[in-house]
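Participant: At position 510 of the first sequence the residue is numbered 603 (the numbering used here), and the sequence of numbers has no breaks.
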Amino acid sequence: MVELAQVVVDVPTMQTNRPYTYQVPVLLEQQLQVGTRVVVPFGNGHRQVQGFVVGFTDGTDYQGKLKPIQAVMDLQPVVNRELLELSKWLADQTYSFWIACLYTMLPNLLKGKAHRIVRVVDELAEQDYYDLFAGRDFRDYADFENQPEAIARLLKLKRAGKVRFDYQVENRAKAKTITGIRPRLDFEALEDARTSLHPNAHAQNRLLSYLQSIIGRTVVQKQAEQQTGISAATINQGVKKGWLEKVPVEVYRTPQADDRLPDDHHLEAPLQLNADQQRAVDAIGAQVHSRQATTFLLQGVTGSGKTEVYLQAIAQALAEGRTALMLVPEISLTPQIVNRFRRRFGSQVAVLHSGLANGEQYDEWRRIERGEAKVVVGARSAVFAPLKQLGLIILDEEHESSYKQDEAPRYHAREVAKWRGRYHGAPVVLGSATPSLESRARALKGRYQFLRLPHRVNRQPLPPIQVVDMRPEIKRRGESNFSLPLLTALNDRLSRGEQSILMLNRRGFSSFMMCRDCGTVLKCPNCDISLTLHMDTRTMKCHYCGHEEPIPQVCPHCHSRHIRYYGTGTEKVQAELEQLLPQARIIRMDVDTTRRKGMHEKLLRQFGDHQADVLLGTQMIAKGLDFPNVTLVGVLNADTGLGLPDFRASERTFDLLSQVSGRAGRADKAGQVIIQTFNPDHYAIQDAQHHDYDRFFYQEMSLRRQASYPPYYYTVRLMASHPEEQEAARAMAEIKTLLEQRLAPQTIVLGPTPRAIARMKRRYYYQIVIKYKQDPALHKTLQEIMQKTQSRGFKDVQVSIDPDPQYFM
DNA sequence: AGCACGCCGACT
DNA sequence: GTCGGCGTGCTC
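1. Here's the rule I'm using: 16 or more other beta-carbon atoms within 10 Å means buried, otherwise exposed. How should lysine 481 be labelled?
2. What residue range is occupied by the uninterrupted alpha helix (DSSP H) comprising methionine 713?
3. Give the DSSP-derived three-state secondary structure of lysine 481 in the structure shown.
4. Take glutamine 553 as the anchor and find which of Asn239, Pro675 and Ala757 has the nearest alpha-carbon.
5. Going by beta-carbon coordinates alone, are glycine 710 and methionine 563 separated by less than 8 angstroms?
6. Give me whichever residues DSSP pairs with proline 520 in a beta bridge.
7. Which residue marks the beginning of the alpha helix (DSSP H) containing glutamate 63, and which one marks its end?
8. From histidine 505 to aspartate 748, what distance separates their C-alpha atoms?
9. Considering only residues of the region 156-236, which uninterrupted alpha helix (DSSP H) runs meet the minimum length of 4 residues and lie entirely inside it, listed in chain order?
10. Here's the rule I'm using: 16 or more other beta-carbon atoms within 10 Å means buried, otherwise exposed. How should leucine 875 be labelled?
11. DSSP beta-bridge partners for aspartate 562?
12. Pop quiz: glutamine 498 and arginine 473 are said to be a contact at Cβ under 8 angstroms. What is the actual Cβ separation, rounded to whole angstroms?
13. Buried or exposed, going by whether 16 or more other CB atoms sit within 10 Å of the CB of glutamine 156?
14. Per DSSP, which one or two residues make a beta bridge with arginine 681?
15. Exposed or buried, which one is glutamine 899 when buried takes at least 16 other CB atoms within 10 Å?
16. Using beta-carbon positions only, say whether methionine 107 and glutamine 880 come within less than 8 angstroms of one another.
17. Could you give the uninterrupted runs of the beta strand (DSSP E) lying entirely in the region 260-343, keeping only those of 3 residues or more?
18. If you run the structure through DSSP and keep just helix, strand and coil, what is tyrosine 900?
19. Alpha carbon to alpha carbon, what distance is there between glutamine 667 and isoleucine 656?
20. Using CA coordinates, which residue listed in Leu832, Ala245, Glu401 and Ser495 is at the minimum distance from serine 447?
21. Let me know the alpha helix (DSSP H) ranges lying completely inside the region 397-482, each 4 residues or longer, listed in chain order.
22. Could you check which residue in Pro816, Ile714 and Pro803 has the C-alpha nearest to that of aspartate 739?
23. List the residues that DSSP assigns as beta-bridge partners of proline 847.
24. Helix, strand or coil, according to DSSP, for methionine 794 in the structure here?
25. How should valine 119 be labelled, buried or exposed, when 16 other C-beta atoms within 10 angstroms of its C-beta is the threshold for buried?
26. Using 10 angstroms around the beta-carbon of serine 918, count the other beta-carbons present and answer buried if the total reaches 16, otherwise exposed.
27. In angstroms, rounded to a whole number, what distance separates the CA positions of arginine 140 and aspartate 259?
28. Taking isoleucine 863 as the reference, give the member of Ala466, Glu833 and Phe145 with the closest Cα.
29. From which residue to which residue does the beta strand (DSSP E) around alanine 813 run?
30. For phenylalanine 887, which three-state DSSP category applies?
31. Within 10 Å of its beta-carbon, does valine 647 have 16 or more other beta-carbons around it, so buried, or fewer, so exposed?
32. Within 10 Å of its beta-carbon, does alanine 475 have 16 or more other beta-carbons around it, so buried, or fewer, so exposed?
33. For the alpha helix (DSSP H) that histidine 915 lies in, which residues bound it at each end?
34. Could you check where the beta strand (DSSP E) with proline 134 kicks off and where it finishes?
35. For the putative contact between phenylalanine 887 and alanine 824, defined by C-beta atoms under 8 angstroms, what is the C-beta separation to the nearest angstrom?
36. If you draw a straight line from the C-alpha of histidine 815 to the C-alpha of asparagine 619, how long is it?
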């Protein structure tokens, strides 16, 4: 009985979203395993694609002739049984392609690159040969991109049988190697060589005795040269004479390890815990020990020592011979936490996030896969780290929306973590100072085990928060981003040599160009949204599609010269601040100043070294920063997020304000927080002012209950887009009819409505929001919709389904 | 996705 | 008549 392989191919469409059956050539039988990548022929012609072996079978219903697998790309499976199962579950839960889920779990380099090669197979006309192939007999098809005439000529030649298209899947995953040297002779033979040397050949003599000292070992050539002073030239001579050979040595591309970190023999000792921390560590440790997949909610105020609880719980998992996963929202923003883990656990720590270079990402992944790294610190996608024997999973700042991926597959790391916890019998700890309403509600219901750290470790009170009503300020002093109290406080810090952080809440706000005569706002030609002014590049940019154009001198509509920019951008605030406080040194941090790799860390280091007095930035500065010299935190516009049409607007505002407040007075100096707002009476702002999470929680819960929103209801968002607005609307109307036929009567279907940004990238968007408590028909119906929208009735309609969406705009 | 097949209008 | 446009269906 011949075994056949089931392969999921890299063709992300609904029609091909299932395994295909292939023959296994005898030569490949040994290497082929479930979870290895393969190259398979697919479709007509000579097309080949990458695929994953997901199983073996001995028969198939398929009537046609089975094709053989062409090549095996991996010596070892790249997806183990757990992750294969997880990928299947993920595809089902998020209504996405299995192949897309597999790639999401793996480092980028494991996505093969498909090359189309155009090969000359028959005599060509002189002109064609010269123009298209420049004297060679093959070219990469990609070279002809953006040359439609050339492509047309190639297709013609193909039809005439003069050229052929070949396919090649390139395996981009390669280990980095450096040169090592290894003796080829034994001690006596090297000794013989030495005695027959010319007496003047001192260098070679030294080389030979060095080789004698490293018999049976391989040494990195660079190291050998440094240690012994022997030159590369001498080593090359030795190779020629057959004394030694050069061999490639595999090395890991390790991401920015801080050189001040200790080696594994001088690791930092655990800190003394207070009673609350100890109780938390004990509770988690007990579940690690008994392998219970309990979910904990660890709610601790800023500065309550959550991280130390994590570290000690992880140490327990390691002591039990298990591994641990630590997730943080945006790791590139928190280098401090990575360093803290490295100081405690040394080289057992691997770091995994999308900011790494592909090579680094791949190498960290392999260290984990091989069991060399036992603790993984990483962002969202690190939840798929191939750790075996997982003993503990931690999600810090569990309320952060960045744990939800906002493109397909739209998974939430929290749910994946719980799945893996169940698989391994590992507890999951959700940590936050301001838990999501969903998590806190589950903790109260007993679905999660609730742990609290109500006290700060240093026993310092939380900093006082002053709320400044901007309405009278504006009346008194005119348009300004700075109220008098804030300005006074800034001046005060400046004279005392202390530092300040200023945050501009830019959500839903940016600087746009408007004509003062006719009111025309400069808009993106592809999207239904105004263009944003970027002074650094002196262009107008669309934040949605990337469209860019020069800053207009006159209004494109009425040709008036009175075209100005409005809105509050960080640049504009910086300019105003420079005028008000000319002596202050300011560092601005936003998407523009941190675009370049490493700029983030650089700016933060500069601020930490007190090379500036004020750090001015957007949301990105709110998280995890810990600068002892910062005693003032100002929020310039606390409420720009409140007006958004999103039921989580208040929650986000409360989280953000609580978060930034924690940045002031972390060490022995007392801190102060000033929040400027036009809504001083809003409960989100008031409760943040009084550090009162509970009050906010109950208030917000009652609103959610009234409006039937999470955590009382679950939500799903469906989106459809089409280049023609009516087509998008029509498709959605049809989907709505289907939903109403199938779903339970208690389920609420809202819409279809045009999205807040109705047009993006030349497509019109409509959405439907489903709210439900329990609906046995929902899952099947949504799958049916994904199928149905492939048919001709939905030509050019793109439909996406977002379970538990984080944003509704 | 990428390709072949097949139907239709526009051209040497 | 044939060339090439695009809509349709299939890929183990």
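Ideal placement from N, C-alpha and C gives every residue a C-beta, glycine not left out.
Keep in mind that this is a model prediction, so the values were computed, not measured.
Facilitator: In this structure, then:
1. In summary, lysine 481 is exposed, with fewer than 16 beta-carbon neighbours lying within 10 Å of its beta-carbon over all protein chains present.
2. Methionine 713: not part of any alpha helix (DSSP H); DSSP gives it neither H nor E.
3. Coil, per DSSP.
4. Nearest in C-alpha terms to glutamine 553, of all of Asn239, Pro675 and Ala757, is Ala757.
5. Contact: no.
6. In the DSSP output, where bridge partners are listed per residue, proline 520 has none listed.
7. Look at the range of the chain in this structure, 94 to 902, and you will see that residue 63 is not part of it.
8. CA-to-CA, the gap between histidine 505 and aspartate 748 works out to about 19 angstroms.
9. Residue ranges of uninterrupted alpha helix (DSSP H) with 4 or more members, entirely inside the region 156-236 and ordered along the chain, are 174-187 and 191-198.
10. With 16 or more Cβ atoms within 10 Å of its Cβ, leucine 875 is classed as buried.
11. According to DSSP, which records beta bridges pairwise, aspartate 562 is partnered with Thr770.
12. Correct: roughly 6 angstroms between the Cβ atoms.
13. With fewer than 16 other Cβ atoms within 10 Å, it is exposed.
14. Bridge pairing for arginine 681: Leu709 [DSSP].
15. With 16 or more Cβ atoms within 10 Å of its Cβ, glutamine 899 is classed as buried.
16. Taking 8 angstroms as the Cβ cut-off, methionine 107 and glutamine 880 qualify as a contacting pair.
17. Correct list: 269-276.
18. The answer is coil: DSSP assigns tyrosine 900 none of H, G, I, E or B.
19. Answer to the nearest angstrom: the Cα atoms are 22 angstroms apart.
20. Ranking Leu832, Ala245, Glu401 and Ser495 by Cα distance to serine 447 puts Ser495 first.
21. 399-412, 428-438 and 451-462, all fully within the region 397-482.
22. With respect to the C-alpha of aspartate 739, the residue from Pro816, Ile714 and Pro803 having the closest C-alpha is Pro803.
23. Bridge partners of proline 847: Tyr859.
24. Annotated three-state conformation of methionine 794 is helix, per DSSP.
25. In this structure valine 119 is exposed. Its beta-carbon is surrounded by fewer than 16 other beta-carbon atoms within 10 angstroms.
26. As displayed, the chain neither begins before 94 nor continues past 902, which places residue 918 out of reach and without an answer.
27. Roughly 7 angstroms between the two C-alpha positions.
28. Residue Glu833 is the option with its Cα nearest to isoleucine 863.
29. Annotation: the continuous beta strand (DSSP E) that includes alanine 813 extends over 807-815.
30. Phenylalanine 887 falls in the helix class under three-state DSSP.
31. Within 10 angstroms of the beta-carbon of valine 647 lie fewer than 16 other beta-carbons, which makes it exposed.
32. Burial check for alanine 475: the Cβ neighbour count within 10 Å reaches 16 or more, so the residue is buried.
33. Since the displayed the chain opens at 94 and closes at 902, residue 915 lies outside it and no answer follows.
34. Note, proline 134: beta strand (DSSP E), 130-134.
35. A Cβ-Cβ distance of about 6 angstroms is found for the pair phenylalanine 887 and alanine 824, placing them in contact under the 8 angstroms criterion.
36. Roughly 13 angstroms between the two C-alpha positions.
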